[in-house]
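Structure first, then comments.
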């Protein structure tokens, strides 16, 4: 029986490992039987494939100190044409923080085989804590460091030693961030709509003796364009700074085209940028996204052909990254789909021994209503 593991975090701070398989009956735990939500009848579906069954272990989920703000797989990947191999070693998990506690940074061990009958906290250990809100995080396998986006800037955490150092100080919250492929540059999306690149390689003491001032545009009541200043400390490249109309909601760096990244903001804007051509504006735009004030994640499939996102109107939409054309738009949930996890490509052996990748579109979608599984081909 083919099985997978799904790591799920909830708004109430609970963390669970779920077992996913094609068979209805598991040896333990509670099995959740999927219901078809779209299309509403089997006759409208292109495929009669049965959705996967999800089993939750009988043990209670692990409750974290506060709401889970991010989950990232710590993986080493090769994105060459014929090699999509991924090696998972751990998962980076952060909590938002509360009035009582600041945010925490955890590592979940994935090296050992998953035992659904054992307690999850035996795999989990805290590597850092902050007296600040943690909004987002990313991991670089090349440097074994995590970048932590907070309400006062960006910190780097060495996940092996737990050492922490600040690489960016900002008076605007860092709501989204991504490492580049080298692990030397962090792309940061701020609450004020700026997207800045931070070089994290150089000496920190010398870096913080330098103050970079950036001027960003904003609209007053949507009628007149004005300028205001905000200060940001760090090795920032002003020439590579981008301004979006509203707070940054999500950032996704493309791996097969390392100069390109997707960005969305809280006014419904969704764009593709090239680091080398930031002064010329966006390379591509994606129309139809609905957002006014919510942090909604963008999801890119492993072949990097499609980008998917939920909207405040509870619709799920999918676009071609290359053309910008919307390929899918349907409503099947009564709450916003704020998080997306694409299923990894499956490798198969061809007739002549070559490795082939199966890139059928399969994704897990999360909302306050629950989990949804999408299969699109």
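Numbering (the UniProt record's numbering), first residue to last: 1 to 377. No residue lacks a Cβ here, since even glycine has one placed at the ideal position from N, Cα and C.
At which residues does the beta strand (DSSP E) containing residue i begin and terminate?
{"i": "residue 325", "result": "No beta strand (DSSP E) contains residue 325, which DSSP labels as neither H nor E."}
{"i": "residue 176", "result": "174-179"}
{"i": "residue 261", "result": "260-265"}
{"i": "residue 31", "result": "30-32"}
{"i": "residue 293", "result": "Taken as a continuous stretch (DSSP letters only), residue 293 belongs to no beta strand (DSSP E), as it is neither H nor E."}
{"i": "residue 109", "result": "104-109"}
{"i": "residue 165", "result": "164-170"}
{"i": "residue 131", "result": "It is not in any beta strand (DSSP E) - residue 131 carries neither H nor E in the DSSP assignment."}
{"i": "residue 196", "result": "194-199"}
What's the call for residue i, buried or exposed, on a 16-neighbour Cβ count within 10 Å?
{"i": "residue 307", "result": "buried"}
{"i": "residue 353", "result": "Because residue 353 carries a pLDDT of 48, less than 50, the predicted location of this residue cannot be relied on, and no value is offered for it."}
{"i": "residue 286", "result": "buried"}
{"i": "residue 15", "result": "buried"}
{"i": "residue 145", "result": "buried"}
{"i": "residue 52", "result": "buried"}
{"i": "residue 57", "result": "buried"}
{"i": "residue 54", "result": "buried"}
{"i": "residue 250", "result": "buried"}
{"i": "residue 125", "result": "exposed"}
{"i": "residue 297", "result": "buried"}
{"i": "residue 339", "result": "buried"}
{"i": "residue 38", "result": "exposed"}
{"i": "residue 142", "result": "exposed"}
{"i": "residue 178", "result": "buried"}
Tell me the DSSP secondary structure of residue i in three-state form.
{"i": "residue 120", "result": "helix"}
{"i": "residue 277", "result": "helix"}
{"i": "residue 239", "result": "helix"}
{"i": "residue 142", "result": "coil"}
{"i": "residue 152", "result": "coil"}
{"i": "residue 349", "result": "The pLDDT assigned to residue 349 is 44, lower than 50, so where the model puts this residue is not dependable; a value taken from the coordinates is nonetheless given after this. In this structure, residue 349 counts as strand in the three-state DSSP scheme."}
{"i": "residue 270", "result": "strand"}
{"i": "residue 310", "result": "strand"}
{"i": "residue 231", "result": "strand"}
{"i": "residue 366", "result": "strand"}
{"i": "residue 376", "result": "strand"}
{"i": "residue 81", "result": "Residue confidence is low: residue 81 scores 40 on pLDDT, short of 50, so the model does not pin down where it sits. Its coordinate-derived value is still stated next. Reduced to three states, the DSSP call for residue 81 is coil."}
{"i": "residue 101", "result": "coil"}
{"i": "residue 38", "result": "coil"}
{"i": "residue 115", "result": "coil"}
{"i": "residue 184", "result": "coil"}
{"i": "residue 191", "result": "coil"}
{"i": "residue 56", "result": "strand"}
Does the Cβ of residue i lie closer than 8 Å to at least one heavy atom of the ligand MG?
{"i": "residue 125", "result": "Within the structure as shown, the ligand MG is missing, as the structure has no ligands at all."}
Cβ pair count under 8 Å reaching 3, the region 97-105 against the region 5-12: no
Cβ contact check for the region 113-121 and the region 158-169: 3 or more pairs under 8 Å: no
Assess contact between the region 108-116 and the region 128-138, defined as three or more Cβ pairs (one per stretch) separated by less than 8 Å. Is contact present? no
Whether or not the region 186-198 and the region 246-266 are in contact is what I'm after, with contact meaning three or more pairs of Cβ atoms, one per stretch, closer than 8 Å; do they touch? yes
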